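**Q**
Residue numbers (our numbering): 67 to 413.
Shown next as structure tokens:
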């Protein structure tokens with residue numbers, strides 16, 4: 067499914083990039099019917115024909131909603147609900163799922179995001195991630211729909227630039243969810259990586275405004291996944307710029323550019339017993355009471371944050387065999403330390 071659906075004018079997410087089952091439904095005729103499902107839906111559950119009423123699709127798959135509420139009421143509630151998929155239907159698998167509905171807005175298309183509770187709840191907080199996915203994708207979707215409509219009506223290219231930016235943001239959110247959900251399937255530490263070079267390149271990809279960067283030491287060269295390590299630095303830098311500059315405690319990295327001269331420092335940690343590095347800012351720091359929670363998916367002290375920024379940092383570090391922790395920088399700001407980095411012979 068492309069970003070723009072020509073029939074309805076609605077903007078869609080590249081659903082086949084999402085690791086769990088997703089069902090897009092349509093309400094143009096009043097009754098919610100299946101519009102399309104993604105590959106994971108067909109693989110993990112079963113194929114469903116477009117135009118099938120959602121309630122009938124649930125019945126045919128053996129999807130039993132917890133409680134007595136009917137599916138149409140739940141679709142309009144914008145609240146998560148849980149279901150059991152049993153062996154009475156056509157589903158290829160059984161189990162428990164949490165479903166986050168994203169109701170239709172200006173278009174007639176809504177979305178049902180399925181997350182298998184048994185396989186993901188313990189690993190990264192299924193409730194938080196489902197909520198983040200639904201709410202964080204909704205904003206760029208709405209921006210893209212509005213700008214796309216304006217661009218078509220006014221024939222002004224600037225509006226299409228905003229559509230592209232919204233799409234880029236959705237791609238980042240989806241890649242973050244993939245990192246959380248699939249883990250080792252999307253992180254492959256098999257290249258020799260100079261961490262200081264990756265850090266400096268990552269800084270250039272983040273909207274930093276008046277913020278400045280200093281790399282104080284030569285960071286270790288290690289075996290890692292360069293793309294995911296770059297993402298780790300990008301999230302750390304974005305977190306510093308967005309939260310350090312606002313004088314607030316950190317959490318999920320926010321989008322946008324509101325820096326007011328925050329200074330970010332990257333340095334090497336002393337061997338304890340092996341190497342590591344840190345990223346620090348000169349903002350107001352993170353309260354001790356929040357230092358564990360900042361790595362939880364969905365946690366953010368900022369209304370504009372996704373709540374995924376530091377969770378992704380922690381996940382990428384863990385998949386490399388590293389550990390992450392939050393401390394206080396010498397300046398009083400926040401400092402995230404990554405330890406357990408094993409240098410190659412070149413370091």
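In this text, a Cβ means the ideal position worked out from N, Cα and C, and glycines have one as well.
Predicted, not measured: the structure shown is a model, and the values here were computed from it.
1) Hey, quick one: how far does the alpha helix (DSSP H) through residue 292 stretch, first residue to last?
2) Less than 8 Å between the C-beta atoms of residue 167 and residue 161, yes or no?
3) Pick helix, strand or coil for residue 146, following the three-state DSSP scheme.
4) Compare the Cα-Cα distances from residue 287 to each of 263, 132, 174 and report the closest residue.
5) Helix, strand or coil, according to DSSP, for residue 378 in the structure here?
6) Who are the near neighbours of residue 103 in its chain, counting only those whose CB is closer than 6 Å to its CB and skipping five residues on each side?
7) According to DSSP, which residues form a beta bridge with residue 335?
8) Can you tell me where the alpha helix (DSSP H) with residue 264 in it begins and where it stops?
9) I'd like the span of the alpha helix (DSSP H) that includes residue 126, first residue to last.
10) Considering only residues of the same chain and omitting the five flanking positions on each side of residue 155, which have a CB-CB separation below 6 Å?
11) CB residue 268 to CB residue 386, shorter than 8 Å?
12) For the candidate residues 123, 305, 356, whose alpha-carbon lies nearest to that of residue 376?
13) Quick check on DSSP: helix, strand or coil for residue 329?
14) For residue 411, does the count of other Cβ atoms within 10 angstroms reach 16, so buried, or fall short, so exposed?
**A** So, to answer that:
1) Element bounds for residue 292: 292 to 305.
2) Cβ atoms of residue 167 and residue 161: not closer than 8 Å.
3) Three-state result, residue 146: coil.
4) If we check each option's Cα against that of residue 287, 263 comes out closest.
5) In the structure shown, residue 378 adopts helical secondary structure according to DSSP, grouped into three states.
6) Excluding residues up to 5 positions away in sequence, 89, 114 lie with their Cβ nearer than 6 Å to the Cβ of residue 103 in the same chain.
7) Beta-bridge partners assigned by DSSP to residue 335: 342.
8) Where residue 264 is concerned, the enclosing alpha helix (DSSP H) stretches over 261 to 271.
9) In this chain, the alpha helix (DSSP H) harbouring residue 126 covers 120 to 127.
10) Closer than 6 Å at Cβ, skipping near neighbours: 126, 127, 128.
11) Their beta carbons are not under 8 Å apart, which means residue 268 does not touch residue 386 by this criterion.
12) Nearest of 123, 305, 356 to residue 376, Cα basis: 305.
13) Three-state DSSP puts residue 329 in a strand.
14) By the neighbour-count rule (16 or more Cβ atoms within 10 Å), residue 411 is not buried but exposed.
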